[in-house]
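In our numbering, the protein residues as written are 420 to 625.
Think of the CB as a built atom: it goes at the ideal place given N, C-alpha and C, for glycine as much as any other residue.
Since this is a predicted model, take the numbers as computed values, not measurements.
The structure appears right after this line, and notes come after that.
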């Protein structure tokens, strides 16, 4: 009699327990995603391209289409805050190194390139596939600010734009919690990558 009871319990777990557990985690994940999206606003559009790289070549606007953008403007001349930002951006770049739909746009004056390039190399931010070093396309805060409050200094601020070029949030990199939120927000905004469907190859009969 014990064996049928065990079988009934196993069947109940299979038909009731496992679906309930799956639903719980799916619901929890959905609520977390909605909470994360709720932290993102609509804070204006990233200036339209093309954008000029410091080496003189152009980055066409359509090259950024469908990509999540992580954006920073380095101070001129460089300040201590830029070293911290470069360090943290290097770590973030490492986390998303396999994602071609995440792009880092770093703006700097050409006169500062001699000091900036060693800093970028030190923090592994010289990846031409994912990191672009560009001349500024804006002056001051408007029309594109690197801080939620224009009165705040922008040296430690990083901006996040979604795949449509809409700025969704700003992050003060003096706050470690804001850095972690940026990583979570990037992961939330990234397009879902489609996996190739497996193809069954049949061997020809001899």
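What's the call for residue i, buried or exposed, on a 16-neighbour Cβ count within 10 Å?
| i | result |
| --- | --- |
| residue 484 | exposed |
| residue 516 | exposed |
| residue 562 | Since pLDDT at residue 562 reaches only 41, below the 50 mark, its modelled position is unreliable, and the value read off the structure follows with that caveat. Classification for residue 562: exposed. |
| residue 492 | buried |
| residue 541 | exposed |
| residue 507 | buried |
| residue 594 | exposed |
| residue 575 | buried |
| residue 554 | exposed |
| residue 505 | buried |
| residue 591 | buried |
| residue 501 | buried |
| residue 587 | buried |
| residue 464 | exposed |
| residue 578 | buried |
| residue 580 | buried |
| residue 551 | buried |
Where does residue i fall in DSSP's three states?
| i | result |
| --- | --- |
| residue 471 | strand |
| residue 593 | coil |
| residue 546 | coil |
| residue 400 | This structure leaves residue 400 out entirely; the chain is present only between 420 and 625. |
| residue 607 | helix |
| residue 459 | coil |
| residue 560 | With a pLDDT of only 44 at residue 560, under the threshold of 50, the placement of this residue in the model should not be trusted, and no figure is reported. |
| residue 451 | Interpretation of residue 451 is limited by its pLDDT of 45, a score under 50 that renders its predicted location unreliable; no figure is taken from the coordinates. |
| residue 445 | The predicted model places residue 445 with a pLDDT of 48, which falls under 50 and marks its position as unreliable; any figure quoted below should be read in that light. It is helical. |
With DSSP as the reference, identify every bridge partner of residue i, one or two as the case may be.
| i | result |
| --- | --- |
| residue 586 | 580 |
| residue 477 | 471 |
| residue 601 | Its beta-bridge partners do not exist; DSSP assigns none. |
| residue 553 | 472, 526 |
Are at least three pairs of beta-carbons, each pair with one atom in the region 500-514 and one in the region 474-484, less than 8 angstroms apart? With the rule of 3 Cβ pairs closer than 8 angstroms, the region 500-514 does not count as touching the region 474-484.
Examine the Cβ distances between the region 494-506 and the region 526-542 and report whether three or more of them are shorter than 8 angstroms. Touching, yes, given that three or more Cβ pairs across the two stretches are closer than 8 angstroms.
Length at least 4, wholly inside the region 488-532: the alpha helix (DSSP H) runs in chain order: The qualifying runs are 499-514.
Hey, is the region 597-611 in contact with the region 461-475, meaning 3+ C-beta pairs nearer than 8 angstroms? No: the two stretches stay apart, fewer than three of their Cβ pairs being nearer than 8 angstroms.
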